[in-house]
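2 protein chains.
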Amino acid sequence: MTIDPLIESISVNKIFGGWHKQYSHHSKTVNANMRFAIFLPPQANNGKKVPVLYWLSGLTCTDENFMQKAGALRIAAELGIAIVSPDTSPRGEEVADDNSYDLGQGAGFYLNASQAPWSRHYQMYDYVVKELPAIIEATFPVSDKRAISGHSMGGHGALTIGLLNAERYRSMSAFSPICNPIKVPWGKKAFSAYLGKDQASWYQHDASELMRIAKQFIPAKVDQGGADDFLKEQLKPETLEAAAKMSGYPLELTIHEGYDHSYYFISSFIEAHLRFHAEHLER
Amino acid sequence: MTIDPLIESISVNKIFGGWHKQYSHHSKTVNANMRFAIFLPPQANNGKKVPVLYWLSGLTCTDENFMQKAGALRIAAELGIAIVSPDTSPRGEEVADDNSYDLGQGAGFYLNASQAPWSRHYQMYDYVVKELPAIIEATFPVSDKRAISGHSMGGHGALTIGLLNAERYRSMSAFSPICNPIKVPWGKKAFSAYLGKDQASWYQHDASELMRIAKQFIPAKVDQGGADDFLKEQLKPETLEAAAKMSGYPLELTIHEGYDHSYYFISSFIEAHLRFHAEHLER
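From first to last, the protein sequence lines are chains A and B. So that you can map any letter, position 174 of the first sequence is 174 in this note's numbering, and since no number is skipped, the others follow by simple counting. So that you can map any letter, position 86 of the second sequence is 1086 in this note's numbering, and since no number is skipped, the others follow by simple counting.
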């Protein structure tokens, strides 16, 4: 892959002795501009290469939600981990869209669309797995030690990408992931549009289906709020847990009573996720 | 003061074992609806009375910015401190407004306006000092141990309110406060509109003027980013420091190199502020 060196700085903020930076760049993969944010911990200030956690956000989010609301950067600064947060889809007037919040811009579902009009720009799987890490590793003082995490639609993204690329990530985790998209309204709507009616191609983007037949394992941690309004209809962590039992997958899944689907939940448990990833990134 | 018991719940979220709650209520003081958020730490879950930190936000903010972006609730949960964050002004169609971001709705400046059309609703000083604490203390399991803090316009609010009400607050702190509003563009514009051209009434809303002649002291902590775009023209911490020297005021003021005016700065140092307040609230 050729790396386009023209990444444009949008903002720079000092935080916890490190730096939060936002960039825009033309992505060849999605054939449009993409925005991402990176946190570089103080350990990287003198050019030392640090490992990277990729964070995939949920429906309607941008690169900003996690960086501003999760309270993660304090811990990443302590542990010496960079965090990269891409936008959830390409955006712009030329990019296909839909009036609903769960399809089109802000709802890329971290897959490669095969159906018109989506296939022209919605190639978020290749963007997150290939182009973005190549740019990050060529541009910033980071190593090729990677972990991946995300929330809701981004939890689905983190788990499916981790399961399909066990050799590229040391560990994976998710908050409130869509565990079985081929069976729930959010997933059926998005996969029908992006991948078409033939469900054969849907299975490789379903964390439960992938975990059930997995042969290569990486450590996996999932946290879910027990008072999440989307728990029963959209998320289905019990399906993921059953799949892990089938394959013997090393999954730590915890339901937290009283917590909902928001960043108030994520912020309460992000420290445990970062420490989990640090343990595997240090090896 | 009679307390209106009709406060309406807007949202409830569990976070760090405690609860973040938003409310709307009709304020008799500002003669309009006001919104506020409260964080109740886990120590309050069984009705134990906890002390309260009042947080005053900056221009354009609502009750949400601090609660979502500062990373404060983790530490407040550990220390057993409630946090109350009011909106920065009354809002609504009936409330006077201005097209600029630094006057009118979202820019109440924590004073009692004497000039039309502002005086009808912009009574934020009395709201924050009297009505809001009375409602909080009558409604939630909190004690009358209070501290006050804020950012930018809210830092101005916290310092002026703390200086004028030393008997009501155990401690005060601020991030990037407008330290000398009578001398800077933000302050001159707001005070001219709300208080009128006669500058005699301006002095009691200027932290530097109040600190210079203060006789009753409460511990005060101020942090300021050295790379803050507003530092020289609008904030003037050097004036506050000089005032503290004049009166012998117990002010800890620190300039942090490289940090700007954003919540990335606040989140980096909020833990130290909460521990500072906890020390004085525990007495």
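Glycine included, each C-beta is placed from N, C-alpha and C at the ideal position.
Whose C-beta lies closer than 7 Å to the C-beta of residue i among residues of the same chain, with five residues either side of it excluded?
i          : result
Trp1202(B) : Ile1182, Phe1191 and Leu1195
Ala1207(B) : His1156, Leu1159, Thr1160, Leu1163, Pro1177, Cys1179 and Leu1240
Gln1105(B) : Ser1089, Arg1091, Val1095 and Asp1097
Gln1042(B) : Here residue 1042(B) turns out to be Pro, not Gln, going by the sequence shown. Result list for Pro1042(B): Gly1017, Gly1018 and Ala1077, in chain order.
Gln22(A)   : Ile10, Ser11, Arg35, Ala37 and Asp63
Met1(A)    : Any reading at Met1(A) needs caution, since the residue's pLDDT is 41, under 50, leaving its predicted position unreliable; the model's value is listed next. Cβ within range, chain order: Lys130, Glu131 and Ala134.
Glu1282(B) : none
Ala1193(B) : Leu1103, Gln1115 and Trp1118
By the 10 Å Cβ neighbour count, where 16 or more other Cβ atoms means buried, how is residue i classified, buried or exposed?
i          : result
Asp1229(B) : exposed
Met67(A)   : buried
Lys1232(B) : exposed
Ser11(A)   : exposed
His1026(B) : exposed
Tyr1101(B) : exposed
Pro250(A)  : exposed
Asn99(A)   : exposed
Leu1079(B) : buried
Met246(A)  : exposed
Gln1199(B) : exposed
Lys1221(B) : buried
Show which residues of chain B have a CB atom less than 8 Å away from the CB atom of residue i.
i         : result
Ala227(A) : Lys1014
Gly258(A) : Lys1014
Tyr110(A) : Simply none; closest approach about 25 Å.
Going by the DSSP bridge assignment, what does residue i pair with across the sheet?
i          : result
Arg146(A)  : Val52(A)
Pro1086(B) : Phe1036(B)
Phe123(A)  : Per the sequence shown, the amino acid found at residue 123(A) is Gln instead of Phe. Note: Gln123(A) sits in a beta bridge opposite Asn112(A).
Asn46(A)   : Beta-bridge pairing links Asn46(A) to no other residue.
Lys21(A)   : Val12(A) and Ile38(A)
Val1222(B) : Ala1174(B) and Leu1253(B)
Gly104(A)  : Ala107(A)
Ser1027(B) : Ala1032(B)
Ile7(A)    : His25(A)
His1151(B) : Phe1175(B)
In chain order, what residues of the same chain lie with their CB nearer than 6 Å to the CB of residue i, ignoring the 5 residues before and after it?
i          : result
Tyr1125(B) : Tyr1110, Leu1111 and Asn1112
Ala1044(B) : Val1050 and Pro1141
Gly1154(B) : Leu1056, Ser1057 and Gly1058
Leu40(A)   : Gly18, Trp19 and Ala82
Val30(A)   : Pro90, His121, Gln123 and Tyr127
Val184(A)  : Gln234
Ser267(A)  : Ala70 and Gly71
Ile1255(B) : Gln1224 and Gly1226
Arg74(A)   : Phe16
Just the chain B side, please: which residues come within less than 9 Å of residue i by C-beta, in chain order?
i        : result
Gly80(A) : Ordered by position in chain B, no residue passes the 9 Å Cβ test against Gly80(A), which lies about 16 Å from the chain.
Could you tell me which chain A residues have their CB closer than 9 Å to the CB of residue i, listed as they occur along the chain?
i          : result
Ser1268(B) : Lys14, Ile15, Phe16, Gly17, Leu73, Arg74 and Ala77
How would you list, in chain order, the residues of chain A whose beta-carbon sits under 7 Å from the beta-carbon of residue i?
i          : result
Val1249(B) : Here the sequence assigns Tyr to residue 1249(B), which means Val is not the residue at that position. Here the premise fails: no neighbours, minimum Cβ distance about 29 Å.
Ser1262(B) : Asn13
Sorry if obvious, but does the Cβ on residue i come closer than 7 Å to a heavy atom of the ligand GTP?
i         : result
Leu164(A) : With respect to the ligand GTP, the structure offers nothing, as it holds no ligand at all.
Can you give me the Cβ contacts of residue i inside the same chain, cut-off strictly under 8 Å, excluding the 5 residues immediately before and after it?
i        : result
Ala32(A) : His26, Pro90, Arg91, Gly92, Glu94, Val95 and His121
Proximal residues, the segment 1018–1049 of chain B versus chain A, C-beta separation under 7 Å:
Listed by position, the residues of the segment 1018–1049 of chain B near chain A (Cβ gap below 7 Å) are His1020.
What residues from the segment 72–99 of chain A come within 8 Å of chain B, judged by C-beta to C-beta, listed N to C?
Along the segment 72–99 of chain A, the positions whose C-beta sits under 8 Å from a C-beta of chain B are Leu73 and Arg74, read in chain order.
Output needed in chain order: residues of the segment 53–68 of chain A with a Cβ under 9 Å from some Cβ in chain B.
Flagged, chain order: Met67 and Gln68.
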